[in-house]
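Here the sequence shown is numbered in the numbering used here, starting from 23 and rising by one per residue.
C-beta: ideal position from N, C-alpha, C; glycine also.
Here the structure is laid out as structure tokens; the discussion comes afterwards.
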Amino acid sequence: MKPFYKLLLACSLAAFSGSTVYAQSPQRFGYQAVIRKPGGDLVTNQAVATRIAILQGSSSGPVVYEETQNVLTNTNGLLTFEIGSGTVAVGDLGSIDWSTGPYFIRTETDPDGGTNYAIQTNMQLLSVPYALYAQTASASLNDADSQLLSINGQDISISNGNTITLPGTANPVGTAGGDLAGAYPNPAVGNNAITTAKIINAAVTADKLANASVTAGKLHQMGALNGEVLKWNGSSWGPAVDNNFEGWGLNGNVAQNYNAIGTTNNTPLNFKVNNSKSGIISSDNSGFGFQSLFNLTSGLANCAFGTGSLRSITTGGSNISIGYHALRDNISGSSNIAIGYQSMTNSTVSNNVAIGNYTLKAATSEYNTAIGNAALGENTTGSSNVGIGHIALYSNTTGYDNTGLGRAALYTNINGNYNTAIGRSANYLMNGNSNTTAIGNLASTAASNRVRIGNSNVTQIAGQVSWTAASDGRIKTDVQENVPGLTFIAKLRPVTYRFNSRAQNEILGIKDESADYPGKYDIDNIVQTGFIAQEVEQAAKQSGFDFSGVSRPANEKDIYGLRYADFVVPIVKAVQEQQKLIEDLQQQYQKLQHDYKALQQQLQILKEQQ
Numbered sequence: 023m024k025p026f027y028k029l030l031l032a033c034s035l036a037a038f039s040g041s042t043v044y045a046q047s048p049q050r051f052g053y054q055a056v057i058r059k060p061g062g063d064l065v066t067n068q069a070v071a072t073r074i075a076i077l078q079g080s081s082s083g084p085v086v087y088e089e090t091q092n093v094l095t096n097t098n099g100l101l102t103f104e105i106g107s108g109t110v111a112v113g114d115l116g117s118i119d120w121s122t123g124p125y126f127i128r129t130e131t132d133p134d135g136g137t138n139y140a141i142q143t144n145m146q147l148l149s150v151p152y153a154l155y156a157q158t159a160s161a162s163l164n165d166a167d168s169q170l171l172s173i174n175g176q177d178i179s180i181s182n183g184n185t186i187t188l189p190g191t192a193n194p195v196g197t198a199g200g201d202l203a204g205a206y207p208n209p210a211v212g213n214n215a216i217t218t219a220k221i222i223n224a225a226v227t228a229d230k231l232a233n234a235s236v237t238a239g240k241l242h243q244m245g246a247l248n249g250e251v252l253k254w255n256g257s258s259w260g261p262a263v264d265n266n267f268e269g270w271g272l273n274g275n276v277a278q279n280y281n282a283i284g285t286t287n288n289t290p291l292n293f294k295v296n297n298s299k300s301g302i303i304s305s306d307n308s309g310f311g312f313q314s315l316f317n318l319t320s321g322l323a324n325c326a327f328g329t330g331s332l333r334s335i336t337t338g339g340s341n342i343s344i345g346y347h348a349l350r351d352n353i354s355g356s357s358n359i360a361i362g363y364q365s366m367t368n369s370t371v372s373n374n375v376a377i378g379n380y381t382l383k384a385a386t387s388e389y390n391t392a393i394g395n396a397a398l399g400e401n402t403t404g405s406s407n408v409g410i411g412h413i414a415l416y417s418n419t420t421g422y423d424n425t426g427l428g429r430a431a432l433y434t435n436i437n438g439n440y441n442t443a444i445g446r447s448a449n450y451l452m453n454g455n456s457n458t459t460a461i462g463n464l465a466s467t468a469a470s471n472r473v474r475i476g477n478s479n480v481t482q483i484a485g486q487v488s489w490t491a492a493s494d495g496r497i498k499t500d501v502q503e504n505v506p507g508l509t510f511i512a513k514l515r516p517v518t519y520r521f522n523s524r525a526q527n528e529i530l531g532i533k534d535e536s537a538d539y540p541g542k543y544d545i546d547n548i549v550q551t552g553f554i555a556q557e558v559e560q561a562a563k564q565s566g567f568d569f570s571g572v573s574r575p576a577n578e579k580d581i582y583g584l585r586y587a588d589f590v591v592p593i594v595k596a597v598q599e600q601q602k603l604i605e606d607l608q609q610q611y612q613k614l615q616h617d618y619k620a621l622q623q624q625l626q627i628l629k630e631q632q
């Protein structure tokens, strides 16, 4: 942006050095201007390019003369030159007919000394150039007096007459007039002479009030008392008592033996934006952000940072709130931690931890922990829940004592309780079930009281030893020996098969949106050995056997399963039955052997009697 300048135009006739009035006069007149920067600072000791044009008739009339000059400003930002002494671009100053006016002068400058001129002034010429026009009266047509009037330096002479010398500069004498009073050389300003109209913007600059030029003795006291200051009361200036606020100390050692910035009393320090509370520092609370801790009354040990953070808190204490509208609506709740955009924004209770945008934003219950964007985002009355991960336990509203660890873990659970899901989208679609455990990526349980480890792509679940099932006789009731053996086992059909993991996901309603990876579908290529669950179920029914080894679907989104460990019991029973058959046959064989020997002995006796 080009600096603007303010013109203080001064035009004067050039000196008539050594010439008579009817001789050719110099075709030039003086010009002055002050150049200022946009902030009001003077442009000093700098070459300024200037283009001056004289226009006829109006401020937008034709240009009859134009010239350019490069002028150096002085220490006061003033440039002084003579129009007519520059580089002429249009016309001839001496040929202008000043009687055909009016004429206007247009001034353009480039403070950088280049040619990027900007129009700064356009004003009418009122008098100075017309002194040039007066040279046309160089002789009188009917003047019989042959005397000549001439000027040489400061001497004005008339031929056949005397010469007088013009005096140099001189101070005025006598009594001052106008707004001044007293006598020169030390006049005084008259009473009530200076009004607001006579001191305009920038008229009195720093250079015009020198150091110590205005002393206390020269200022009217206006009835001021000790300690009062000059203040504006809305209509006039007058002495008044200053507000006695204690500011922050900015020097060292305000506190004990170390540097500090702060107050020395126990009064809270408040910050405002647009006249609205936007921060507080006290011995018990601290807040920073527009309307943070806005309604605080008696609450203690609160820390708020961010616009609207803990805005409604009045009596609640020991809260930490960081983020836009974090814990905004909490009034009396305590011991909460909310970090993130609108984290716990509508929550009104205590003892919750929410870290992440939109976490626990509507909670009205306690003892919840949410970490991750929108974790437990819709929770209302559900309590003692832990959601860690992006949108973990997001839909939970009334469910309690749930733990979801991983992105979207237990995402759709609304009112289920005592559920645990660990892994990306673990038990993602489960709702209303309780006491479930799902561990692993996309691991899913379809009913309450179930545990699932891994998804449909898992090819092995390994451990050093086998699973141990509780089997203490003290915890078993209604014990019966009614397990079928050979009758049931004989009806089973052992088979080999290949597994279809995609079909399983489709039945379970699992949308696997994870990227493929090497070996993801290896399980589909493994030849498995086992039974068909539906056939095992039918064999058990035919045997009158309520077999626990068959896991039946809980709903249309569930699948059959087999607990192969449970097959050990009917197999053992079948072995026992076979063993009993073998023992019975052995006894029969031994009896037959005994009978056979007895028959042989009788036959031998008969032979001997013949």
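Annotated as proximal: THR109 and GLU89, with beta-carbon spacing under 8 Å. Looking at the DSSP output, PHE310 bridges to GLY301 and PHE327. Between ALA484 and ARG474, the C-beta spacing is not below 8 Å.
Distance between ILE461 and GLU400, taken at the CA atoms: about 24 Å.
The continuous beta strand (DSSP E) containing PRO261 extends over residues 259-262.
A Cβ-Cβ distance of about 22 Å is found for the pair PHE51 and GLY99, leaving them out of contact under the 8 Å criterion.
A direct Cα-Cα distance of roughly 22 Å separates ALA561 from ARG520. For LEU530, the enclosing alpha helix (DSSP H) stretches over residues 523-530. Taking the Cα of LEU94 as reference, the smallest distance to any Cα among ALA111, GLN68, ILE74 and THR72 is reached at GLN68. For ILE444, the uninterrupted beta strand (DSSP E) segment begins and ends at 442-444. Look at ILE604 here: in three-state DSSP terms it is helix. The C-beta separation of VAL65 from ALA75 comes to about 22 Å, leaving the pair out of contact by the 8 Å criterion. Bounds of the beta strand (DSSP E) holding VAL56 are 51-57.
Taking a C-beta distance under 8 Å as the contact criterion, CYS325 and ILE303 do not qualify as a contact pair. Judged by their CB atoms, ARG333 and PHE316 are nearer to each other than the 8 Å cut-off. GLU250: not part of any beta strand (DSSP E); DSSP gives it neither H nor E. Residue environment analysis places ASP177 among the exposed positions, since fewer than 16 neighbouring C-beta atoms fall within 10 angstroms of its C-beta. With contact defined as three or more Cβ pairs closer than 8 Å, the region 439-453 and the region 416-425 are in contact. About 5 Å separates the beta carbons of ARG73 and TYR139, which is inside the 8 Å limit, making them a contact pair. Following the DSSP letters along the chain, one finds ALA555 in no beta strand (DSSP E) but inside the alpha helix (DSSP H) bounded by residues 555-564.
Between the beta-carbon of MET366 and that of ASN379 there is about 11 Å, and that puts the pair past the 8 Å contact cut. For LEU77, the uninterrupted beta strand (DSSP E) run begins and ends at 69-78, by DSSP. When rounded, the separation of the alpha-carbon atoms in VAL480 and GLY566 is 35 Å. By the Cβ neighbour-count rule, HIS347 is buried, with 16 or more other Cβ atoms within 10 Å of its own. The region 332-412 contains, as complete beta strand (DSSP E) runs of 3+ residues, the segments 342-344, 359-361, 375-377, 391-393 and 408-410 (chain order). For a cut-off of 8 Å, the C-beta gap from SER357 to GLY345 is around 18 Å, too long to register as a contact.
When VAL517, PRO516, ASP534 and THR518 are compared, the shortest CA-CA separation from ARG524 is found for ASP534.
Sixteen is the threshold: since fewer than 16 other Cβ atoms of the shown chains lie within 10 Å of the Cβ of ILE186, the residue is exposed. Contact between the region 534-548 and the region 568-584 is absent: fewer than three C-beta pairs spanning the two stretches fall below 8 Å. Taking a contact as a CB-CB distance under 8 Å, the pair THR370 and GLY355 counts as one, their CB atoms being some 6 Å apart.
Closest option to ILE511, judged by alpha-carbon separation, among TYR416, ARG574, ASN522 and GLN600: GLN600. Shown here for ILE413: same chain residues with a beta carbon closer than 8 Å to its own, the five before and five after excluded, namely GLY394, ASN395, ALA396, ALA397, GLY399, ARG429, ALA430 and TYR433 in chain order. Its Cα nearest to that of GLN313, the residue ASP351 stands out among GLY135, ASP351 and GLU388. Looking at the DSSP output, VAL505 bridges to nothing.
Rounded to the nearest whole angstrom, the C-alpha separation of GLY454 and SER405 is 16 Å. Looking only at GLU557, VAL505 and ASN297, the smallest Cα-Cα distance to ARG574 is reached by GLU557.
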